[in-house]
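Its first residue numbered -3, the sequence shown is counted upward by one per residue in our numbering.
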Amino acid sequence: MSQKSLSKLDAPKNITNNEKVVSQNDFIVSKTDTKGRIIYCNEIFTKMAGYPAKDLIGANHNLIRHPDMPKLAFKVLWDLIQKKDEFFGFVKNLSADGGYYWVFAYITADLDLNGNIISYTSVRRKMPQSAIDIITPIYRQLREAEQSGGIAASEKILNDLLQEHDLGYNEFIINLQLGAKI
Ligand SMILES: Cc1cc2nc3c(=O)[nH]c(=O)nc-3n(C[C@H](O)[C@H](O)[C@H](O)COP(=O)(O)O)c2cc1C
-3 MSQKSLSKLD APKNITNNEK VVSQNDFIVS KTDTKGRIIY CNEIFTKMAG YPAKDLIGAN
57 HNLIRHPDMP KLAFKVLWDL IQKKDEFFGF VKNLSADGGY YWVFAYITAD LDLNGNIISY
117 TSVRRKMPQS AIDIITPIYR QLREAEQSGG IAASEKILND LLQEHDLGYN EFIINLQLGA
177 KI
């Protein structure tokens, strides 16, 4: 009998402050189909997310979406990867036990020989604490803006911030990943 894939509805409702820290040498990897359904994940992914691999395959990636994440982060992600550009970003993910883990994610499209997108791959690494400390209040501000003014409001805040520091989005993220303070 085929088993139904997990969905966002199966995500934990009791969100906790328990942080799982990514190890220095870990590469947390997943692949999705073009709709964002998981088609592959490595062992460390299953460990951090807290679900057995068999339950993750076929599940929409939003199963591990944390409510603290602004919508804008995922809009930027999908806009870039659908045009075959690379995405770099910081993501707070939700574990099955209600805890969380922060990652520096790199996501890109996988192409066939004709250049058609056949899947997407994400490789995630540990974030420095300095970047977590900087991005946490920024994401909070983006989420608050989205609650009153939607994505247009958070986009304006992000653009103003980037302009203030005279940086492009990727440059900003990579600087933080390398330990820069703003
Ligand atoms: C390859 C790939 C990896 C992804 N990894 C994550 C992830 O680790 N965490 C996450 O919340 N969303 C991830 N996403 C984005 C999800 O597909 C989705 O856009 C996001 O969770 C927001 O979902 P929602 O708009 O249904 O709330 C990934 C997408 C792709 C294509």
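No residue lacks a Cβ here, since even glycine has one placed at the ideal position from N, Cα and C.
Cβ of T28 versus every heavy atom of ligand 1: is any distance shorter than 6 Å? yes
8 Å contact criterion, which S173 and F100 should meet: CB distance rounded: Correcting the residue identity first, residue 173 is Gln in this sequence and not Ser. The Cβ separation is near 5 Å, so the contact holds.
Checking the sheet assignment: what are the DSSP bridge partners for F83? I103
Within a Cβ cutoff of 7 Å, which residues of the same chain sit near P66, ignoring the five residues on either side of it in sequence? Y135, L138, R139, E142 and S150
Neighbour-count burial assignment, L2, 16 or more Cβ in a 10 Å radius: buried
At what residues does the alpha helix (DSSP H) containing S26 begin and finish? Looking at the DSSP string, S26 is not in any alpha helix (DSSP H); the run it does join, the beta strand (DSSP E), is I24 to T28.
Given this structure, state the Cα-to-Cα distance separating I113 from V17, to the nearest angstrom. 32 Å
Quick one, which of A45, L52, W98 and I60 has its alpha-carbon nearest R121's? W98
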